[in-house]
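Peer 1: Pasting a structure below so you can have a look.
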Amino acid sequence: MTVKVTARGAERWKQGHPWIYRSDVAEEPDKKPGIVRVTDRKGKFLGQALYSPSSEIRLRLLTRGKEDIDAQWWAARIAAAAGRRNGIDASAWRVVHAEGDGLPSLIIDKYGPWIVAQLLSAGLETARADVLAGVTAALTPEGILLRNDAAVRRHEGLPAEVVLAVGQVPQVVEVVEDGVKYLAAPWSGQKTGAFLDQRENRILVGEHTKAGGRALDLFTYHGSFALHLARRAKDVVAVDQSTEALARGAENARLNGITNIEWREANAFDLLRELERRRDQFDTIVIDPPAFAKTRANLERAVAGYKEVNLRAMKILAPDGVLFTSSCSYHVSRDVFNAMLADAARDSGRRMQFIASTGAAADHPELLNVPETGYLKGVLLRAV
Ligand SMILES: C[S@@+](CC[C@H](N)C(=O)[O-])C[C@H]1O[C@@H](n2cnc3c(N)ncnc32)[C@H](O)[C@@H]1O
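My numbering puts the first residue of the sequence shown at 1090, with every later residue one more than the last.
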């Protein structure tokens, strides 16, 4: 099938962005999802794309060539992406970061010998068999689990489902990350089973943790930051509002023989107020909340939430203490995040020194011309 696009649609691809929106599609004869040929109004060939007839994002560029997009094509692209990820000191990592790797709407994460993948567009769904064959050929996994329960699939008219597509994938997988072990839950955990995007940040914070000091890990989930903090700190308080997440955290601590983490079930906002009232102090603090800004519409409220948690954390930071703070809200830009931190520092009366500015781990690459590929921002600060 051929889909024709407007001059503005064609221009987007020229500018390096792989998406063409509904409003820039001129003719779509057969509204069936799939891999389509794309031309301009006059019929000039522009490339091949994933086509989603019920999504605002109608076309996602796969190639500017006319080659067959078959299992071998996917295998070659996936193998190339895997080849770009050398030297990761962990047994779990992202092999394909969708648009960031030129494979729009495809996520492939590797947990040891097992693969957890997400097919996030209607066009890509139609290529499921070829994609799975490509993954098998490129990575020879013992099993492939499809975590197709991400909310974005709704915009594509796709069902939310978790499907074992190939072989076997265990409920729980042990991951080793810079010598720290943790259990990931491919079938039921957040994302594909763990927050792989924070891996480098966890290692960085581990290195900056004050030896023999007190540490606080807010929004700890399975304790992944806390485990890194606990290797240096005297004791760590790990906070989450989910009982289940904390139980997994405690299991992770046992796995590492770590006994200096206290697991606190609490709302981080309430606990911060209480800690401030008690004049508690911490030498190392981590803030890794869920995305407060799910849409652009609630940006202002989200920024207020980020400011509150950061301001309170700054107030209970010990002199010379280190704060790692992050936001995974795409709608909160780096500039907005830094400005919020500057406000929080001013209001807390602390002088905060910039140690590092970070993003997602290198296996979650951002494309310069595709801002949507970047969402995670991290800042490491020291109170001086
Ligand atoms: C982005 S995840 C943290 C990921 C984790 N730091 C890691 O590296 O694996 C956010 C966590 O915040 C928890 N959470 C959300 N709102 C909370 C709140 N108000 N207080 C405490 N925990 C909260 C969620 O249960 C979730 O586990």
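We treat Cβ as the ideally placed atom computed from N, Cα and C, and that holds for glycine.
Please classify M1090 as buried or exposed, where buried requires at least 16 other C-beta atoms within 10 Å of its C-beta.
Peer 2: Answer is exposed; the Cβ neighbour count stays below 16.
Peer 1: Only counting runs of 3 or more residues, tell me where the beta strand (DSSP E) segments fall wholly within the segment 1333-1417, in order along the chain.
Peer 2: Complete beta strand (DSSP E) runs here, min 3: 1350-1354, 1371-1376, 1406-1416.
Peer 1: Cβ of P1378 versus every heavy atom of ligand 1: is any distance shorter than 8 Å?
Peer 2: Under cutoff, so the answer is yes.
Peer 1: Residues bridged to F1134 by DSSP?
Peer 2: DSSP lists T1128 as partners of F1134.
Peer 1: Name, in chain order, the residues that DSSP records as bridge partners for W1102.
Peer 2: Per DSSP, none; premise fails for W1102.
Peer 1: From what residue to what residue does the beta strand (DSSP E) around G1232 run?
Peer 2: Start and end: 1232-1237.
Peer 1: Where DSSP assigns a beta bridge to I1197, which residues make up the other side?
Peer 2: DSSP lists V1185, A1206 as partners of I1197.
Peer 1: Start and end of the beta strand (DSSP E) containing D1306?
Peer 2: Note, D1306: beta strand (DSSP E), 1303-1307.
Peer 1: Compute every distance between the C-beta of A1449 and the non-hydrogen atoms of ligand 1, then say whether any falls below 8 Å.
Peer 2: Every heavy atom of ligand 1 is 8 Å or more from the Cβ of A1449, so no.
Peer 1: With a CB to CB cut of under 7 Å and the five nearest residues on each side skipped, what residues in its chain are close to W1352?
Peer 2: Once the five neighbours on either side are set aside, the close Cβ partners of W1352 are A1327, L1335, G1338, A1339.
Peer 1: Following the continuous alpha helix (DSSP H) through M1429, name the residue where it begins and the one where it ends.
Peer 2: Note, M1429: alpha helix (DSSP H), 1423-1437.
Peer 1: Based on Cα-Cα distance, which residue from R1153, P1122, W1163 lies nearest to I1146?
Peer 2: Nearest option by C-alpha distance: P1122.
Peer 1: Tell me the rounded alpha-carbon separation between L1305 and V1261.
Peer 2: L1305 and V1261: Cα-Cα distance of roughly 26 Å.
Peer 1: Quick one: Cα of K1383 to Cα of A1240, how far?
Peer 2: For K1383 and A1240, the distance between alpha carbons rounds to 11 Å.
Peer 1: DSSP has E1263 in a bridge; who is on the other side?
Peer 2: Bridge partners of E1263: L1272.
Peer 1: Report the option in P1202, V1224, G1278, R1174 whose CA atom is closest to the CA atom of L1195.
Peer 2: The candidate whose alpha carbon is nearest that of L1195 is V1224.
Peer 1: Just grab the DSSP bridge partners of R1440 for me.
Peer 2: Paired residues: none, contrary to the question.
Peer 1: When the Cα atoms are used, what is the spatial distance from G1346 to T1332?
Peer 2: Rounded to the nearest angstrom, the two C-alpha atoms are 21 Å apart.
Peer 1: Ordered along the chain, which non-local residues of its own chain (more than five positions away) have a Cβ less than 7 Å from that of S1416?
Peer 2: Excluding residues within five positions, the ones whose Cβ falls inside 7 Å are Y1395, F1426, K1466.
Peer 1: For the segment 1241-1253 and the segment 1163-1175, state whether three or more C-beta atom pairs, one from each stretch, are separated by less than 8 Å.
Peer 2: No: fewer than three Cβ pairs fall under 8 Å.
Peer 1: Quick check: what's the CA-CA separation for A1218 versus V1255?
Peer 2: Taking the straight line from one Cα to the other gives about 11 Å.
Peer 1: In whole angstroms, what is the alpha-carbon distance linking Q1287 and H1317?
Peer 2: Roughly 12 Å between the two C-alpha positions.
Peer 1: Report back the beta-carbon spacing between I1233 and I1204 to the nearest angstrom; my notes put them in contact at under 8 Å.
Peer 2: Yes, they are in contact, since the Cβ atoms of I1233 and I1204 sit about 5 Å apart, within 8 Å.
Peer 1: Please list, in chain order, all residues of the same chain as D1436 whose beta carbon is under 6 Å from its beta carbon, the five residues on each side excluded.
Peer 2: Result list for D1436: L1400, in chain order.
Peer 1: According to the Cβ coordinates, are G1189 and V1459 closer than 9 Å?
Peer 2: Result yes, Cβ atoms of G1189 and V1459 sit closer than 9 Å.
Peer 1: How about I1444 and V1411: do their beta carbons lie closer than 9 Å?
Peer 2: In contact: I1444 and V1411 (Cβ atoms closer than 9 Å).
Peer 1: For Y1200, collect the residues of the same chain with a Cβ closer than 7 Å to its Cβ; drop the 5 residues on either side in sequence, then sort them by chain order.
Peer 2: Closer than 7 Å at Cβ, skipping near neighbours: A1181, V1262, V1264, A1273, P1275, G1282.
Peer 1: At a cut-off of 8 Å, is P1331 close to ligand 1 when judged by its beta-carbon and the heavy atoms of the ligand?
Peer 2: For the sequence presented, residue 1331 should be read as Ser rather than Pro. For ligand 1, at least one heavy atom lies less than 8 Å from the Cβ of S1331.
Peer 1: In chain order, what residues of the same chain have a beta carbon less than 6 Å from the beta carbon of E1289, not counting five sequence neighbours either side?
Peer 2: Contacts found: A1450.
Peer 1: State buried or exposed for L1457, treating a residue as buried only when at least 16 other CB atoms are found within 10 Å of its CB.
Peer 2: So L1457 ends up on the exposed side.
Peer 1: Per DSSP, T1447 is paired with what?
Peer 2: According to DSSP, which records beta bridges pairwise, T1447 is partnered with G1467.
Peer 1: Can you tell me whether G1475 is helix, strand or coil according to DSSP?
Peer 2: Outside the shown range of the chain (1090 to 1473) lies residue 1475, about which nothing can therefore be said.
Peer 1: Ligand 1 heavy atoms versus the CB of S1313: any closer than 8 Å?
Peer 2: Result yes, Cβ under 8 Å from ligand 1.
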